[in-house]
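Quick notes on the structure that follows.
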Amino acid sequence: MHEVSSLYSIGHGQKTQEEFLSELRSFDIHFLVDVRTSPYSKWVPQFNHGIIDGWLQQEGIRYIYMGDYIGGRPSNDICYDEEGYFDYHKMAEEPSFKTGLHRLVDANSKNCRVAIMCSESDPSECHRSKLIGRELYFGYHISMNHIVAVNKVISQEEIMKTLTKGLWEPGGNLFGECEPPYFRSRKSYKNITEPTEETFNPYD
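Numbering (my numbering) for the sequence shown: 1212 to 1415.
Put into structure tokens, the structure is as follows:
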């Protein structure tokens, strides 16, 4: 049985500051946790670290950076598979990731209204669902809500069903088994040594 969650996720994409705030307000978010490995963008500078925290504070929303704990780009080479994809199962075993995840679990236990933020608008294409949401779901029975518009969310269950093309079901298979689905990054970074913003999206 999965508990009602106070944890949400959101992607800033190309949204304006007001569009982004409207989505947060519609779910009464009090804390915004930035899970971007590199919290900067030349395309939407209003979401840069050092800028976003200022206008969020004016709206009564506390900004917290945790990309160094639960960001989408692994610093440990062991977290890449042989094809150069990020292996989210291996990333979930990293001590720093576990520390960050426990902070989210603690926030949920206190009913804090938290949204984790990355750059990708589509939660099914981001480590918000494929790594963080998955680990919360199977490790702590917490189902994250993924904000996609004002007053509209997609559940973690729905995303996992979509990603597995319906092969995974919340109730398990015919024998009652419910194995966690395996996810990795949407593309390989095998030949990228020093990625730039134009060639590398660290938020899969």
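Even glycine gets a Cβ: it sits at the ideal position worked out from N, Cα and C.
For this session: Using the DSSP secondary-structure output, state which residues sit across from L1178 in a beta bridge.
Result: Summary: the structure shown does not reach residue 1178, with the chain confined to residues 1212 through 1415, and so no result is reported for it.
For this session: Pick out whichever of S1216, T1248 and P1256 has its Cα sitting closest to the Cα of T1227.
Result: P1256
Problem set entry | H1357: first and last residue of the uninterrupted beta strand (DSSP E) it sits in | N1356 to A1360
Exercise. Since L1218 is in the beta strand (DSSP E), which residue starts that stretch and which ends it?
Worked result: L1218 to G1222
Exercise. From the DSSP output, which residues share a beta bridge with K1458?
Worked result: With the chain running from 1212 to 1415 in the structure shown, residue 1458 is simply not present.
Problem set entry | alpha helix (DSSP H) segment containing A1318, residue limits | P1306 to S1320
Exercise. Thinking C-beta only, is M1371 closer than 8 Å to V1244?
Worked result: no
Problem set entry | Candidates Q1367, G1278 and K1363, of which the one nearest S1233 by Cα | K1363
Exercise. Does L1312 get closer than 8 Å to chain D when you measure Cβ to Cβ?
Worked result: This model lacks chain D altogether; it includes just one protein chain.
Exercise. Can you tell me whether L1378 is buried or exposed, with buried defined as 16 or more other CB within 10 angstroms of its CB?
Worked result: exposed
For this session: Below 8 Å on the Cβ atoms is my guess for S1237 versus N1356; work out the distance and round it to an integer in Å.
Result: No, S1237 and N1356 are not in contact; Cβ-Cβ is about 12 Å, not under 8 Å.
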